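Residue numbers (UniProt numbering): 1 to 204. Glycine is no exception: its CB is placed at the ideal position from the N, C-alpha and C atoms. Since we're looking at a predicted model, the values are computed, not measured. Here is the structure we will look at.
Right, dumping it as C-alpha coordinates:
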(Lines of atoms letter the chains of each structure in order from A and count residues from 1; the text may use other names and numbers.)
(Lines give C-alpha, C1' and ligand atoms only; values in the text may rest on other atoms or scores of the structure.)
Protein backbone atom coordinates (compact mmCIF):
# COMPACT_ATOMS: atom_id res chain seq x y z
CA UNK A 1 0.00 0.00 0.00
CA UNK A 2 1.25 3.46 -0.82
CA UNK A 3 1.95 5.30 2.41
CA UNK A 4 0.36 8.55 1.24
CA UNK A 5 -2.77 7.57 -0.65
CA UNK A 6 -5.16 4.65 -0.41
CA UNK A 7 -8.70 3.97 -1.57
CA UNK A 8 -11.40 2.77 0.79
CA UNK A 9 -13.92 0.54 -0.98
CA UNK A 10 -17.46 1.32 0.22
CA UNK A 11 -20.75 1.90 -1.60
CA UNK A 12 -19.44 5.43 -2.18
CA UNK A 13 -15.78 5.57 -3.15
CA UNK A 14 -13.44 7.26 -0.69
CA UNK A 15 -9.79 8.21 -0.97
CA UNK A 16 -7.40 8.65 1.94
CA UNK A 17 -4.52 11.09 1.43
CA UNK A 18 -2.29 13.52 3.27
CA UNK A 19 -3.97 16.87 3.87
CA UNK A 20 -2.45 19.92 2.19
CA UNK A 21 -2.53 23.60 3.05
CA UNK A 22 -5.55 23.98 0.77
CA UNK A 23 -7.41 21.44 2.88
CA UNK A 24 -7.14 23.46 6.09
CA UNK A 25 -10.72 24.85 5.92
CA UNK A 26 -12.16 21.39 5.31
CA UNK A 27 -10.19 19.84 8.18
CA UNK A 28 -11.20 22.65 10.55
CA UNK A 29 -14.84 22.26 9.53
CA UNK A 30 -14.77 18.51 10.19
CA UNK A 31 -13.17 19.01 13.58
CA UNK A 32 -15.61 21.80 14.49
CA UNK A 33 -18.60 19.67 13.49
CA UNK A 34 -17.39 16.78 15.62
CA UNK A 35 -16.54 19.09 18.54
CA UNK A 36 -20.05 20.59 18.44
CA UNK A 37 -21.58 17.11 18.34
CA UNK A 38 -19.47 15.93 21.29
CA UNK A 39 -20.19 19.01 23.37
CA UNK A 40 -23.88 18.71 22.55
CA UNK A 41 -23.74 15.29 24.21
CA UNK A 42 -21.98 16.70 27.26
CA UNK A 43 -18.51 15.47 26.29
CA UNK A 44 -15.67 17.95 26.90
CA UNK A 45 -13.18 16.12 24.70
CA UNK A 46 -12.57 19.09 22.38
CA UNK A 47 -13.23 22.86 22.51
CA UNK A 48 -16.88 23.55 21.66
CA UNK A 49 -15.96 25.65 18.62
CA UNK A 50 -13.35 23.24 17.33
CA UNK A 51 -9.62 23.85 17.08
CA UNK A 52 -7.93 27.08 15.98
CA UNK A 53 -5.98 26.93 12.75
CA UNK A 54 -2.72 27.43 14.65
CA UNK A 55 -3.20 23.96 16.18
CA UNK A 56 -3.77 22.24 12.84
CA UNK A 57 -1.40 24.03 10.45
CA UNK A 58 1.71 22.39 11.98
CA UNK A 59 0.16 18.92 11.61
CA UNK A 60 -0.49 19.56 7.93
CA UNK A 61 3.00 20.98 7.51
CA UNK A 62 4.54 17.89 9.10
CA UNK A 63 2.57 15.63 6.78
CA UNK A 64 0.79 13.79 9.61
CA UNK A 65 -2.77 15.07 9.00
CA UNK A 66 -4.88 12.91 6.72
CA UNK A 67 -8.15 13.54 4.92
CA UNK A 68 -10.64 10.98 3.68
CA UNK A 69 -12.30 12.36 0.56
CA UNK A 70 -15.75 11.25 -0.54
CA UNK A 71 -17.62 11.96 -3.74
CA UNK A 72 -19.65 14.55 -1.85
CA UNK A 73 -16.76 16.16 0.03
CA UNK A 74 -14.54 15.36 3.04
CA UNK A 75 -15.73 12.34 5.00
CA UNK A 76 -13.21 12.06 7.84
CA UNK A 77 -9.85 13.23 9.11
CA UNK A 78 -7.19 12.14 11.56
CA UNK A 79 -3.60 12.82 12.55
CA UNK A 80 -1.12 9.99 13.04
CA UNK A 81 2.37 10.63 14.34
CA UNK A 82 5.02 9.60 16.85
CA UNK A 83 4.34 12.54 19.15
CA UNK A 84 3.52 11.22 22.62
CA UNK A 85 1.86 13.82 24.84
CA UNK A 86 4.39 14.25 27.69
CA UNK A 87 1.59 15.02 30.17
CA UNK A 88 0.15 11.57 29.59
CA UNK A 89 2.89 9.20 28.41
CA UNK A 90 6.00 8.63 30.52
CA UNK A 91 9.40 7.16 29.73
CA UNK A 92 8.20 3.89 31.28
CA UNK A 93 5.64 3.65 28.46
CA UNK A 94 8.43 3.66 25.86
CA UNK A 95 6.82 6.47 23.84
CA UNK A 96 8.93 5.72 20.77
CA UNK A 97 7.43 2.22 20.53
CA UNK A 98 4.10 3.61 19.32
CA UNK A 99 2.27 5.81 16.86
CA UNK A 100 -0.44 8.09 18.23
CA UNK A 101 -3.87 8.89 16.84
CA UNK A 102 -5.12 12.45 17.27
CA UNK A 103 -8.06 14.48 15.95
CA UNK A 104 -10.02 11.52 14.58
CA UNK A 105 -13.29 12.94 13.24
CA UNK A 106 -15.95 11.53 10.91
CA UNK A 107 -18.46 13.80 9.19
CA UNK A 108 -21.93 13.30 10.61
CA UNK A 109 -23.20 12.64 7.09
CA UNK A 110 -20.90 9.60 6.98
CA UNK A 111 -21.49 8.30 10.52
CA UNK A 112 -22.46 4.68 10.96
CA UNK A 113 -20.41 3.47 7.98
CA UNK A 114 -17.48 2.12 9.96
CA UNK A 115 -15.06 4.78 8.75
CA UNK A 116 -13.59 5.33 12.21
CA UNK A 117 -12.90 1.62 12.59
CA UNK A 118 -11.33 1.43 9.11
CA UNK A 119 -9.09 4.43 9.79
CA UNK A 120 -7.94 2.89 13.07
CA UNK A 121 -7.09 -0.33 11.24
CA UNK A 122 -5.18 1.68 8.63
CA UNK A 123 -3.30 3.41 11.44
CA UNK A 124 -2.53 0.00 12.94
CA UNK A 125 -0.92 -1.09 9.68
CA UNK A 126 1.13 2.11 9.64
CA UNK A 127 2.45 1.13 13.08
CA UNK A 128 3.89 -2.05 11.59
CA UNK A 129 5.27 -0.20 8.57
CA UNK A 130 7.06 2.19 10.94
CA UNK A 131 8.61 -0.73 12.83
CA UNK A 132 6.77 0.11 16.03
CA UNK A 133 4.61 -2.03 18.30
CA UNK A 134 1.65 -0.03 19.59
CA UNK A 135 -1.15 2.20 18.35
CA UNK A 136 -2.10 4.62 21.11
CA UNK A 137 -4.57 7.41 21.83
CA UNK A 138 -6.05 9.39 24.65
CA UNK A 139 -9.70 10.33 25.01
CA UNK A 140 -12.10 12.09 27.40
CA UNK A 141 -11.66 10.80 30.92
CA UNK A 142 -15.36 11.34 31.74
CA UNK A 143 -16.86 9.70 28.63
CA UNK A 144 -17.46 5.97 29.31
CA UNK A 145 -19.32 5.63 25.99
CA UNK A 146 -16.32 6.72 23.96
CA UNK A 147 -14.01 4.59 26.06
CA UNK A 148 -16.24 1.56 25.44
CA UNK A 149 -16.06 2.30 21.70
CA UNK A 150 -12.29 2.02 21.79
CA UNK A 151 -12.51 -1.16 23.84
CA UNK A 152 -14.70 -2.62 21.09
CA UNK A 153 -11.92 -1.73 18.65
CA UNK A 154 -9.59 -3.99 20.67
CA UNK A 155 -7.88 -1.19 22.57
CA UNK A 156 -6.88 -1.79 26.18
CA UNK A 157 -7.34 0.91 28.80
CA UNK A 158 -3.97 1.43 30.46
CA UNK A 159 -4.81 4.12 32.99
CA UNK A 160 -6.47 7.50 33.37
CA UNK A 161 -4.36 10.57 34.04
CA UNK A 162 -6.57 13.08 35.84
CA UNK A 163 -5.20 16.58 35.26
CA UNK A 164 -7.52 19.48 36.16
CA UNK A 165 -6.64 21.44 33.01
CA UNK A 166 -7.16 18.52 30.60
CA UNK A 167 -10.51 17.04 29.56
CA UNK A 168 -8.69 14.08 28.04
CA UNK A 169 -6.60 11.60 29.98
CA UNK A 170 -7.98 8.08 29.44
CA UNK A 171 -5.05 6.27 27.81
CA UNK A 172 -5.56 3.37 25.42
CA UNK A 173 -3.35 1.18 23.26
CA UNK A 174 -3.54 -1.88 21.05
CA UNK A 175 -0.94 -3.85 19.13
CA UNK A 176 -0.16 -2.77 15.59
CA UNK A 177 -1.99 -4.39 12.70
CA UNK A 178 -5.65 -5.04 12.10
CA UNK A 179 -7.72 -4.78 15.28
CA UNK A 180 -4.61 -5.45 17.32
CA UNK A 181 -3.46 -8.42 15.27
CA UNK A 182 -6.80 -10.24 15.25
CA UNK A 183 -7.19 -12.08 11.91
CA UNK A 184 -10.37 -12.26 9.88
CA UNK A 185 -10.94 -8.53 9.34
CA UNK A 186 -9.32 -7.60 6.00
CA UNK A 187 -8.99 -3.88 5.41
CA UNK A 188 -11.18 -2.56 2.60
CA UNK A 189 -8.26 -0.65 1.12
CA UNK A 190 -6.65 -0.85 -2.31
CA UNK A 191 -3.58 1.01 -3.49
CA UNK A 192 -3.32 3.26 -6.54
CA UNK A 193 -2.90 0.26 -8.81
CA UNK A 194 -6.06 -1.34 -7.45
CA UNK A 195 -4.17 -4.07 -5.61
CA UNK A 196 -5.94 -5.34 -2.51
CA UNK A 197 -4.03 -5.05 0.75
CA UNK A 198 -3.63 -8.37 2.53
CA UNK A 199 -4.33 -8.55 6.26
CA UNK A 200 -1.23 -8.13 8.40
CA UNK A 201 -0.97 -9.96 11.71
CA UNK A 202 1.72 -9.21 14.26
CA UNK A 203 2.47 -11.97 16.75
CA UNK A 204 3.33 -10.48 20.12
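For this session: Buried or exposed for residue 20, please, with buried defined as at least 16 other CB atoms from any protein chain shown within 10 angstroms of its CB.
Result: exposed
For this session: Would you check if the distance between the CB atom of residue 87 and the CB atom of residue 135 is smaller than 8 Å?
Result: no
Problem set entry | Any alpha helix (DSSP H) of 4 or more consecutive residues that is wholly inside the stretch 131–171 | 144–152
For this session: Assign residue 165 to one of two classes, buried (16 or more other C-beta atoms within 10 Å of its C-beta) or exposed (fewer than that).
Result: Classification of residue 165: exposed, given that the 10 Å Cβ count is below 16.
For this session: Leaving aside the five residues before and after residue 157 along the sequence, list all residues of the same chain whose C-beta is less than 6 Å from its C-beta, in chain order.
Result: 172
For this session: For residue 138, count neighbouring C-beta atoms within 10 Å of its own C-beta (all shown protein chains included) and say buried if the count is 16 or more, exposed if not.
Result: Buried.
For this session: Give the single residue among 151, 159 and 64 whose Cα lies nearest to the Cα of residue 83.
Result: 64
Exercise. For residue 174, which three-state DSSP category applies?
Worked result: strand
For this session: Give the DSSP-derived three-state secondary structure of residue 34 in the structure shown.
Result: helix
Problem set entry | Limits of the unbroken beta strand (DSSP E) element including residue 106 | 98–106
Problem set entry | 8 Å Cβ cutoff met for residue 14 and residue 68 | yes
For this session: Measure the C-alpha to C-alpha separation of residue 120 and residue 57 and round it to an integer number of angstroms.
Result: 22 Å
Exercise. Considering residue 58, what are the terminal residues of the alpha helix (DSSP H) in which it resides?
Worked result: 53–61
For this session: May I ask you to report which of helix, strand or coil DSSP gives residue 18?
Result: strand
Problem set entry | Beta-bridge partners of residue 72, as assigned by DSSP | Paired residue(s): none; residue 72 is not in a bridge.
Problem set entry | Proximity below 8 Å, CB of residue 66 to CB of residue 16 | yes
Exercise. With 16 other CB atoms within 10 Å as the buried threshold, where does residue 179 fall?
Worked result: buried
Exercise. Would residue 101 be called buried (16 or more neighbouring beta carbons within 10 Å of its own) or exposed?
Worked result: buried
Exercise. Can you give the Cα-Cα distance for residue 153 and residue 176, rounded to whole angstroms?
Worked result: 12 Å
For this session: Consult DSSP for residue 129 and reduce its assignment to one of helix, strand or coil.
Result: For residue 129, the three-state secondary structure derived from DSSP is helix.
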